[in-house]
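Each protein sequence line maps, in turn, to chains A and B.
Residue numbers for the first sequence follow full-length UniProt numbering, so the first one is 1 and each next one is one higher.
Residue numbers for the second sequence follow full-length UniProt numbering, so the first one is 1 and each next one is one higher.
By construction, the Cβ of each residue, glycine as well, lies at the ideal position given by its N, Cα and C atoms.
All figures in this text were calculated on a predicted structure; none of them were measured in a lab.
Read through the structure below, which is laid out as structure tokens, and then see the notes.
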Amino acid sequence: MASSGNKNINSKLVLLGDSGAGKSSLVLRFVKGQFIEFQESTIGAAFFSQTVAVNDTTVKFEIWDTAGQERYHSLAPMYYRGAAAAVIVYDITNQESFERAKNWVRELQAQGNSNTVMALAGNKADLIDARKVPEEATQTYAQENGLFFMETSAKTATNVNELFYEIAKRLPRLQPAPNPSGMVLVDNQSPSERAASASCCS
Amino acid sequence: MYGGTHGKIDLAIEYQAQIPILRPSIRARRANITVKFQDLYGFTVEGNVDDVNVLNEVREKVREQGRVWWSLEASKGVNWYLQTQSSTTLKFSVLVNGITLKRLIRKGIPPSLRPKVWFSLSGAAKKKSTVPESYYKDLTSAVQDKVTPATKQIDHDLPRTFPGHPWLDTPEGHATLRRVLVGYSFRDSDVGYCQGLNYVAALLLLVMKTEEDAFWMLAVLLEDVLVNDCYTNNLSGCHVEQRVFKDLLTKKCPRIAAHLEAMEFDVSLVCTEWFLCLFSKSLPSETTLRVWDVLFYEGAKALFNVALAIFKMNEEELLMAHHIGDVINIIQRTTHHLFDPDELLTVAFDKIGFMTTTTISKERKKQEPAVLAELDQRLRRLNSVNEDDK
């Protein structure tokens, strides 16, 4: 199926964030190159797919765009379970949406898979005059939490494709294997060796 | 304050008058191109020439159903269907009328009679009769200037509810929908406002004659027809319904259930929206309303029949699918193109097999403790995560 050097991979990606932050708009921009001022509110979640080429690999994102209202939170695990990537979206003109984004980060760190690539997207970057969430502090927050951070605008298309491209690049399956011995079956290693190899990679 | 509703009714009549029988040109037929057109309730739909033809046939069937209903009114008397509900009389004619009515409703209530029939058979009329005449007017005027998290979310969602609809997406449409949703959020503060209700209330407004009647339909739906707590706090009722549905799918469509499970595809990924919006976001409008015809008369079990039918209709194709994306495409392509309500309802009620409300209630009772425990556990885990961080 995958000839040498040419790979196709499927990756589940989930978008999380406050209602009205622009999750659906980001997806619409990325998948169809469109922007609609009043996007229908998402109920449950909507599914989309789009491919990105990174070097010789084609990444097909299977995108779950979730509902933002607080009470839909209880449905979210169904969508982020097993996700290779998560985009947490907030609105740069709305401080509350940033606080909720931080809650999502905490939740994913606690419940999610440690291999999930997490990206933080400060959307509505075109509304610079109404900004409430400073970019620099967010950058620091993102670094501290190991998130990939970008400010985006679904309206003007700024950084939208870039965001998904950067996520694709960071997917573990696209990274060169850091340590081939990591693939060795556990049985072949003594517990002490295992501990050593685990710590050397961290 | 009810001026808006009159305008809406005029508009609704206008649509029906303006809609000519759509005759696709030969060129369109040859090219099999996608055309955009307005359906019976003013929604813009996209479809191919076959879809247009199906819609024309549906219009004709709706007219035919109308004649059947009117002739029954003539022979059995106006409001004959109301007698089927009185529990005190056990007359033979009442039973016969009951059976006739159930069959008739599954074949569809004509749009012109829908407001009246829904209002009485759903229990909305009874609900309204228990409060003073001025209840709705008093409620909406008392709360119109209040600001709550619910009203903020409602205001945010008004332009995002069926955007582009010729009446709903106007200042008048927004204001009317707002009064209904805000009014309800104060009637039941446990529900307040849940996203999804905007679509349900919008469609109710398009059907019912007045916004007040739409409000009472929303009330009866949430308070009596649907499972409890479907829209409250953590949507626990919705979680319960999803589990009941999964069990039913395993029983009624075992091959599909096994296949999807092997793919690790959780059917709730697609079904949650159906149960929260009552299909209004997925099915064409007349098909949705045909589902609601049965919903308001037979109860929430109708939703399970319809959801099962959507899977059942695609059994062979679903069994061939091996990617999540393919499964979703099959389901969505089907739901968006179900312009012929009978195609869906025949499967839902004739092929799925009989399910009683009692069976569903038992299933719900069985699932409820596990759902509540799981939600509670999740909440506690999240709280501890957030506290550790502070």
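DSSP-derived helix/strand/coil call for residue i
i             : result
residue 417/B : The question about residue 417/B has no answer, for chain B in this structure spans 1 to 390.
Gln69/A       : coil
Asp91/A       : strand
Asn8/A        : strand
residue 394/B : This structure gives no information on residue 394/B, because the portion of chain B shown stretches from 1 to 390.
Ala119/A      : strand
Thr151/B      : helix
Leu278/B      : coil
Gly17/A       : strand
Trp64/A       : strand
Glu162/A      : helix
Arg380/B      : helix
Ala125/A      : coil
Through-space distance from residue j to residue i, alpha-carbon basis
i             : j        : result
Ala348/B      : Phe98/A  : 45 Å
Glu92/A       : Asp340/B : Correcting the residue type first, residue 92/A is Ile in the shown sequence and not Glu. Going from the Cα of Ile92/A to the Cα of Asp340/B covers about 45 Å.
Ala130/A      : Glu151/A : 14 Å
Leu55/B       : Ile33/B  : 16 Å
Lys209/B      : Lys137/B : 16 Å
Gln377/B      : Val371/B : 10 Å
Phe354/B      : Val133/A : 56 Å
Asp342/B      : Tyr135/B : 38 Å
Ile36/A       : Ala157/A : 12 Å
Glu368/B      : Asn233/B : 15 Å
Pro180/A      : Ile63/A  : Any reading at Pro180/A needs caution, since the residue's pLDDT is 46, under 50, leaving its predicted position unreliable; the model's value is listed next. Looking at the two C-alpha atoms, the distance is approximately 31 Å.
Asn383/B      : Arg290/B : 44 Å
Gly183/B      : Leu139/B : 6 Å
Arg243/B      : Ala124/B : 29 Å
Glu211/B      : Ser71/B  : 29 Å
Val225/B      : Asn115/A : 44 Å
Ile9/B        : Lys23/A  : The predicted model places Ile9/B with a pLDDT of 42, which falls under 50 and marks its position as unreliable; any figure quoted below should be read in that light. Rounded to the nearest angstrom, the two C-alpha atoms are 36 Å apart.
residue 203/A : Arg364/B : Here chain A comprises residues numbered 1 to 202, so residue 203/A is not present and cannot be evaluated.
Thr130/B      : Val147/B : 28 Å
Val27/A       : Gly122/A : 14 Å
Glu374/B      : Pro77/A  : 12 Å
Asn8/A        : Gln175/A : 14 Å
Thr57/A       : Ala300/B : 48 Å
Proximity test, Cβ basis, 7 Å: residue i and chain A
i        : result
Ser268/B : yes
Pro163/B : yes
Gln195/B : yes
Thr130/B : no
Asn383/B : no
Leu276/B : yes
Asn233/B : yes
Ile330/B : no
Asp157/B : yes
Gly325/B : yes
Glu273/B : yes
Leu221/B : no
Arg333/B : no
Residue-chain proximity (residue i, chain B), Cβ-Cβ < 7 Å
i        : result
Ala110/A : yes
Phe149/A : no
Ala2/A   : Summary for Ala2/A: the model assigns pLDDT 39, below 50, so the residue's position carries little reliability; its value from the coordinates is reported in the next sentence. No - not a single Cβ of chain B is within 7 Å of the one on Ala2/A.
Gly146/A : no
Glu99/A  : no
Met118/A : no
Glu40/A  : yes
Phe61/A  : no
Gln69/A  : yes
Thr173/A : Per the sequence shown, residue 173/A should be read as Arg rather than Thr. Answer no: the Cβ-Cβ gap between Arg173/A and chain B never drops below 7 Å.
Ser181/A : Caution applies to Ser181/A, whose pLDDT of 44 falls short of 50 and renders its modelled position unreliable; the model cannot decide the point.
What alpha helix (DSSP H) runs, 4 residues minimum, are completely inside the region 323–353 of chain B?
Qualifying alpha helix (DSSP H) stretches, in chain order: 324–336, 341–346.
Can you list, in chain order, the stretches of the alpha helix (DSSP H) that have 4 or more residues and sit fully within the region 97–149 of chain B?
Those alpha helix (DSSP H) runs which fall completely within the region 97–149 of chain B and span 4+ residues are 114–121, 124–129, 135–143.
Indicate whether the contact test is met: 3 or more Cβ pairs, each with one atom in the region 101–114 of chain B and one in the region 65–75 of chain B, closer than 8 Å.
yes
Please determine if the region 145–157 of chain B and the region 117–134 of chain B are in contact, where contact requires at least 3 C-beta pairs separated by less than 8 Å.
When C-beta atoms of the region 145–157 of chain B are compared with those of the region 117–134 of chain B, fewer than three pairs fall below 8 Å, so the two segments do not count as touching.
Three or more C-beta pairs below 8 Å linking the region 200–217 of chain B and the region 166–182 of chain B:
Under the three-pair Cβ rule at 8 Å, the region 200–217 of chain B counts as touching the region 166–182 of chain B.
Count the C-beta pairs between the region 265–273 of chain B and the region 29–49 of chain A that are closer than 8 Å, then say yes if the count reaches three, no if not.
yes
Using 8 Å as the threshold, is the region 62–74 of chain A in touch with the region 221–235 of chain B, meaning 3 or more CB pairs across them?
yes
Three or more C-beta pairs closer than 8 Å, one from the region 318–326 of chain B and one from the region 247–261 of chain B: is that the case here?
yes
The region 296–308 of chain B contacting the region 125–132 of chain B, beta-carbon criterion three pairs below 8 Å
no
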